[in-house]
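Read in order, the letters of the sequence shown correspond to residues 167 to 522 in this note's numbering.
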Amino acid sequence: TGVWNIYVLDTTHASNPGCPCIADFPQIGSDQYGFYVSANEYDALYLQPVDSVILAISKTGLGSGAAAPSTLEFSLPLTSGFEFAIQPATTPPGANNFVASGGVEYLVSSQAFYSINSLLALWALSNTASLQGSNPSLLLTQTLVSALSYTYPGVASQKPGPLPYGSSLIPPGQLAFIDGNIDSRIQSVSYAGGRLYVSLPTQVIDDAGTSVVGAGYVILSPTFRSSAVAASVLKKGYVSVTNNHVLRPAISVNSKGQGVIAFTLVGPDYYPSAAFTTFDANTSPSAVRIAGAGAGPEDGFTGYFPSFSAPVARWGDYSTAVTSADGSIWSVSEYIPAGNRTPLANWGTYISRYVP
């Protein structure tokens, strides 16, 4: 596709109290002037959480191929629980970035360490235009927004099916549950039309009154004035499928606010499948569509060995949805494909494209 550069960052952060560290769950976003990477820092010896970091990197420097583009790092100690899995927003092609106040990048996080909450943390990095110079000066501010109730997701049941690997074990492995996520961390944030579109996993009550793993979504209208950030909630709700489970919801919209929420659909009626639902700023999510149908149950080593929390199989921390220049939305979800597998695992990744 052309010429590109590869940048490598040392994230051990050895000078930080509690480190050297491992940067876990890196997330990315961007605005007019900067490219942003956030991560949770764990101490390398005991793997205990230390803090979260946000790296603000000059887009101009990256685009010009500078050997050392202007970069500023923020370290956020875990004091309130909202300093965890802080998701930067991404502006889709054709939508306007926030360029007042010297440029603002919004980020969103949930409460990581309380099992039930209704607050989201809205963060704002202002004066991002200063990343174009050699001495960037950014201000990070935060506020809490009452959004929608969320709680730690439980485990997801599976539709019975062949277990070639599990059946080969002594004693034979049983059909595993799939973990719905260990917390309700924000999965994705899109910024378009002056609105933030946010998704996160949570336990929900479906239309039959059954507790299942589902998705929460929120549309925020943020403001930034006089170095203070605030937001109102324009819309909020849940996505669920009766008697089944929705895992790892990721949201993206185009410049018109038309979007999808992508996820894995699994339960008594579905092998783990790549699925999505469509919505826009004025209408609620529509019917669930299956992009890639699962071909069997999860049958990997993580669901059979006690050291990997048997009988609950590990499921990746991701789905992803991104918008391309033509306004279409590409979604990435984990599922169980047909055909070849590795000896110890059978999961795969499905990529789909939706044109609003």
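Just so you know, even glycine gets a beta-carbon here, dropped at the ideal spot from N, CA and C.
Check: In the DSSP assignment, what residue or residues form a beta bridge with A440?
Finding: T430, G458
Check: Who pairs with I336 in a beta bridge, going by DSSP?
Finding: Answer is none; I336 lacks a bridge partner.
Notebook entry, point to check: Taking buried to mean at least 16 other C-beta atoms within 10 Å of its own C-beta, is L242 buried or exposed?
Noted result: buried
Note to self: Judging by CA-CA distance, which residue of P326, G332, G227, S292 is the nearest neighbour of F467?
What the structure shows: G332
Margin query: Taking a contact to mean a Cβ-Cβ separation below 8 angstroms, would you say S538 touches A397 in this structure?
Written below: It is not possible to answer for residue 538, since the shown part of the chain is limited to 167 through 522.
Checklist line | Boundaries of the alpha helix (DSSP H) in which T408 is found, first to last residue | finding: It is not in any alpha helix (DSSP H) - T408 carries neither H nor E in the DSSP assignment.
Notebook entry, point to check: Is the beta carbon of G423 sitting closer than 8 angstroms to the one on G359?
Noted result: yes
Notebook entry, point to check: Helix or strand or just coil, what does DSSP make of S524?
Noted result: Given that the chain is displayed from residue 167 to residue 522, the structure contains no residue 524 and the question cannot be resolved.
Next item on the list: Could you work out which residue in P259, T317, Q253 is closest to S281 when comparing CA atoms only?
Entry: T317
Check: Identify the residues that DSSP records as bridge partners of Y272: which are they?
Finding: A290
Margin query: Between which two residues does the beta strand (DSSP E) holding G423 run?
Written below: It is not in any beta strand (DSSP E) - G423 carries neither H nor E in the DSSP assignment.
Checklist line | The beta strand (DSSP E) enclosing T468, as first and last residue numbers | finding: Looking at the DSSP string, T468 is not in any beta strand (DSSP E), and its letter there is neither H nor E.
Next item on the list: Provide the residue span of the beta strand (DSSP E) that contains T226, from first to last.
Entry: Not the beta strand (DSSP E): T226 falls in the alpha helix (DSSP H), residues 225 to 230.
Note to self: Run through the DSSP bridge pairs and tell me what V395 is partnered with.
What the structure shows: F390
Check: So T307 is in the beta strand (DSSP E); what residue range does that whole segment cover?
Finding: 305 to 317
Next item on the list: Report the rounded CA-to-CA distance for F390 versus A447, giving the unit in angstroms.
Entry: 21 angstroms
Note to self: Taking its Cβ as the centre, do 16 or more other Cβ atoms sit within 10 Å of Y363, making it buried, or is it exposed?
What the structure shows: buried
Next item on the list: Take Q193 as the anchor and find which of G339, Q353, S300, V265 has the nearest alpha-carbon.
Entry: Q353
Margin query: Tell me the rounded alpha-carbon separation between K401 and A313.
Written below: 9 angstroms
Notebook entry, point to check: Ends of the beta strand (DSSP E) at D345?
Noted result: 343 to 345
Item checked: beta strand (DSSP E) segment containing E239, residue limits -> 237 to 243
Item checked: Inter-stretch contact at 8 angstroms, needing at least 3 Cβ pairs: the region 250 to 269 / the region 232 to 239 -> no
Checklist line | Per-residue burial, Q277 [other beta carbons within 10 Å of its own, 16 or more giving buried] | finding: buried
Checklist line | Backbone CA spacing between I348 and D190 [nearest angstrom] | finding: 14 angstroms
Checklist line | When G195, A266, A205 are compared against T489, the one with the closest alpha-carbon | finding: G195
Note to self: Give me the residue from S499, D465, T376 with the minimum Cα distance to G327.
What the structure shows: D465
Check: Just how far apart, CA to CA, sit P258 and V432?
Finding: 29 angstroms
Notebook entry, point to check: Going by beta carbon distance, what residues of the same chain come within less than 8 angstroms of G231, once the five residues before and after it are set aside?
Noted result: N171
Next item on the list: Can you have a look at F279 and say buried or exposed, based on whether 16 or more other CB atoms are within 10 angstroms of its CB?
Entry: exposed
Margin query: Going by C-alpha to C-alpha distance, which of Y202, N206, I220 sits closest to Q214?
Written below: N206
Notebook entry, point to check: Counting along the chain, where does the beta strand (DSSP E) carrying Q524 start and finish?
Noted result: Nothing in the structure corresponds to residue 524, since the chain is present only between 167 and 522.
Next item on the list: Work out the CA separation of G168 and K325 for me, nearest whole Å.
Entry: 45 angstroms
Notebook entry, point to check: Smallest Cα separation from D217: which of Y202, L306, N182?
Noted result: N182
Check: Contact between the region 335 to 346 and the region 297 to 308: three or more CB pairs below 8 angstroms?
Finding: no
Next item on the list: May I ask you to report which of helix, strand or coil DSSP gives A295?
Entry: helix
Item checked: Per-residue burial, I517 [other beta carbons within 10 Å of its own, 16 or more giving buried] -> exposed
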